[in-house]
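Report on the following structure.
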Amino acid sequence: MTKLIPLKTVVLALLFVAASGRLPVSAKATSNGVWIDDRVEEMPGMEMGPFVRIDEETILTVDQAQSALISNDEGKSWQKHAVFTEADKYEIRPERAVLRTRQGTIILAFMNGKQRANWNWNQAISDSPGAQLPTCVIRSLDGGRTWQDLQTLHLEWTGAIRDMIQTKSGRVAFTSMMLQHNPGRHSVVTYSSQDEGKSWKRSNIIDLGGVGHHGGVTEATIEQLRDGRVWMLLRTNWKVFWEALSDTDGVYWRTIRPSSIDASSAPGLLKRLTSGRLVLVWNRYFPEGKTEFPLSGGDNQWSEVPVSNHRLELSIMFSADDGKTWSKPVVFARAAKGWIAYPYLFESGPGELWITTMQGGLRLKLAEKDFVKE
Numbered sequence: 257m258t259k260l261i262p263l264k265t266v267v268l269a270l271l272f273v274a275a276s277g278r279l280p281v282s283a284k285a286t287s288n289g290v291w292i293d294d295r296v297e298e299m300p301g302m303e304m305g306p307f308v309r310i311d312e313e314t315i316l317t318v319d320q321a322q323s324a325l326i327s328n329d330e331g332k333s334w335q336k337h338a339v340f341t342e343a344d345k346y347e348i349r350p351e352r353a354v355l356r357t358r359q360g361t362i363i364l365a366f367m368n369g370k371q372r373a374n375w376n377w378n379q380a381i382s383d384s385p386g387a388q389l390p391t392c393v394i395r396s397l398d399g400g401r402t403w404q405d406l407q408t409l410h411l412e413w414t415g416a417i418r419d420m421i422q423t424k425s426g427r428v429a430f431t432s433m434m435l436q437h438n439p440g441r442h443s444v445v446t447y448s449s450q451d452e453g454k455s456w457k458r459s460n461i462i463d464l465g466g467v468g469h470h471g472g473v474t475e476a477t478i479e480q481l482r483d484g485r486v487w488m489l490l491r492t493n494w495k496v497f498w499e500a501l502s503d504t505d506g507v508y509w510r511t512i513r514p515s516s517i518d519a520s521s522a523p524g525l526l527k528r529l530t531s532g533r534l535v536l537v538w539n540r541y542f543p544e545g546k547t548e549f550p551l552s553g554g555d556n557q558w559s560e561v562p563v564s565n566h567r568l569e570l571s572i573m574f575s576a577d578d579g580k581t582w583s584k585p586v587v588f589a590r591a592a593k594g595w596i597a598y599p600y601l602f603e604s605g606p607g608e609l610w611i612t613t614m615q616g617g618l619r620l621k622l623a624e625k626d627f628v629k630e
């Protein structure tokens, strides 16, 4: 008997071919019409993340209001716990980072949307003087049920907070941003703590110039290498991620240069897996198999140079030698239109990866073994 293809699948395929000029990566679509690799499974209804595991049975994330969400059934249901005692004064923006330290402290770094102020981009000066969106941190000592030690680390406009790690020495470090002026452009900073998030030290500011409300360097991801150095990949408008290296656990960034990883103007997510491999999820500069894409910017408003904002595809690759070489990038999600970007990545168990996105609403899981050769 011939198996009938659902009408929705046929329509989506036609739309994809019309938009991209090629067939989708596989004949499998998510509930919101994104094509995914056959090795990938959708997780409908899952929270966005980022996620941390508290113990073998418990996972934590946060929502965009004021709640910590705790699940004892792998994300099928969630219990809410208030993060703030003065809920009317705080709002957790979707660009955030959360970590459980080896001692069990939960640390949340976020931008406070309730204090967002003075964003008024002036095209005449390519700047927004006085723009404010603070970087804040708070921690929990009881697995996310209660929270304490709320701090504001800077008031300047924070474009995004993307990633947080704990190094071998126990230092916690997370990536943030700080808008610079005259002209307006973004810069990246990290904050680090040696006392489980009680106090924080700001790194040197990584300011590589640029002009525009999406100019400069932005939205970095971070991981420690086996030799002890901390490696950071920064979103840029310059066709590749730039990289920064620290031999002081992220306290100071001394080596800053272009990487060899092509990337659109969108953030990636880098993570060390239980296997020891590094994994990177990101949007490449051009769609797979193409050498062109409509460019944005170049007007000193978005950016000083024209740039690819390609976000129709998410790719994944793995490295067994700390980023010296990588497996061939695989497009595991592809859209006919719109954006699928701003990934979060969580290893829910050895080799099982949850990938969720802020843009495009992807909620996926895949197995490391299905994408790498032993």
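Following my numbering, the numbering of the sequence shown begins with 257 at its first residue and continues without gaps.
Note that CB positions come from ideal geometry on N, CA and C, so glycine has one too.
In whole angstroms, what separates the C-alpha of residue i from that of residue j?
i    : j    : result
S282 : R295 : Low confidence applies to S282: its pLDDT is 49, below 50, so where it sits in the model is not reliable, and the reading given next is rough at best. Near 10 Å, if we compare the C-alpha coordinates of R295 and S282.
R356 : L411 : 25 Å
Q379 : K336 : 43 Å
Q615 : L526 : 18 Å
E544 : S287 : 23 Å
A597 : E351 : 12 Å
R611 : G305 : The residue you asked about is not Arg; residue 611 is Ile in the sequence shown. C-alpha separation (whole angstroms): 9 Å.
S564 : P523 : 13 Å
P317 : R349 : What sits at residue 317 in the sequence shown is Thr, not Pro. One C-alpha to the other measures close to 13 Å.
E406 : G506 : For the record, residue 406 in the displayed sequence is Leu; it is not Glu. So the alpha carbons of these two residues sit roughly 22 Å apart.
Q404 : W334 : 21 Å
R441 : T581 : 32 Å
R401 : Q557 : 43 Å
I228 : I461 : Because the chain spans 257 through 630 in this model, residue 228 falls outside it and cannot be assessed.
S604 : R309 : 7 Å
R458 : L409 : 8 Å
V290 : D451 : 43 Å
F497 : V473 : 9 Å
P585 : R395 : 36 Å
G554 : V537 : 26 Å
G617 : R485 : 34 Å
Near residue i, which residues of its chain fall below 7 Å by C-beta distance, leaving aside the five closest residues on each side in sequence?
i    : result
N376 : S384
S455 : S449
What does the Cβ neighbour count give for residue i, buried or exposed, with the cut at 16 atoms within 10 Å?
i    : result
L481 : exposed
K629 : exposed
Q359 : exposed
S634 : There is simply no residue 634 to check, as the chain begins at 257 and stops at 630 in what is shown.
D293 : buried
R491 : buried
I381 : exposed
D419 : buried
Y600 : buried
Y235 : Not covered by the structure: residue 235. The range shown for the chain is 257 to 630.
S323 : buried
N539 : buried
E548 : exposed
R590 : buried
T414 : buried
Quick one: what's residue i bridged to in DSSP?
i    : result
Y447 : F430 and R458
E412 : Q388
T314 : D311
H337 : A324
M573 : L536
V296 : L622
Where does the unbroken beta strand (DSSP E) through residue i begin, and where does it stop?
i    : result
G605 : A597 to G605
R510 : From DSSP, R510 is part of no beta strand (DSSP E); its letter is neither H nor E.
E479 : T474 to Q480
R590 : V586 to R590
G553 : L551 to G553
M420 : M420 to Q422
E499 : V496 to S502
K527 : L525 to R528
I362 : I362 to M367
T612 : E608 to Q615
S564 : P562 to S564
L519 : Before going further, note that residue 519 is Ala rather than Leu in the sequence given. Taken as a continuous stretch (DSSP letters only), A519 belongs to no beta strand (DSSP E), as it is neither H nor E.
Whose C-beta lies closer than 6 Å to the C-beta of residue i among residues of the same chain, with five residues either side of it excluded?
i    : result
E347 : G369 and K370
N493 : S521, S559, V561 and V563
V339 : Q322, A324 and W403
T431 : R418, D419, T446, A476 and I478
P439 : S382, D383 and V467
A343 : Q322
G386 : N374
Can you list, in chain order, the residues of its chain whose CB lies under 8 Å from that of residue i, leaving out five sequence neighbours each side?
i    : result
E624 : L529, S531, R533, V535, F574, G607, E608 and L609
T314 : I326, S327, N328 and G399
L620 : T286, I292, V296, E297, E298, M299, F588, A589, W610, I611 and T612
W509 : T446, S459, N460, I462, M488, A500, L501 and S502
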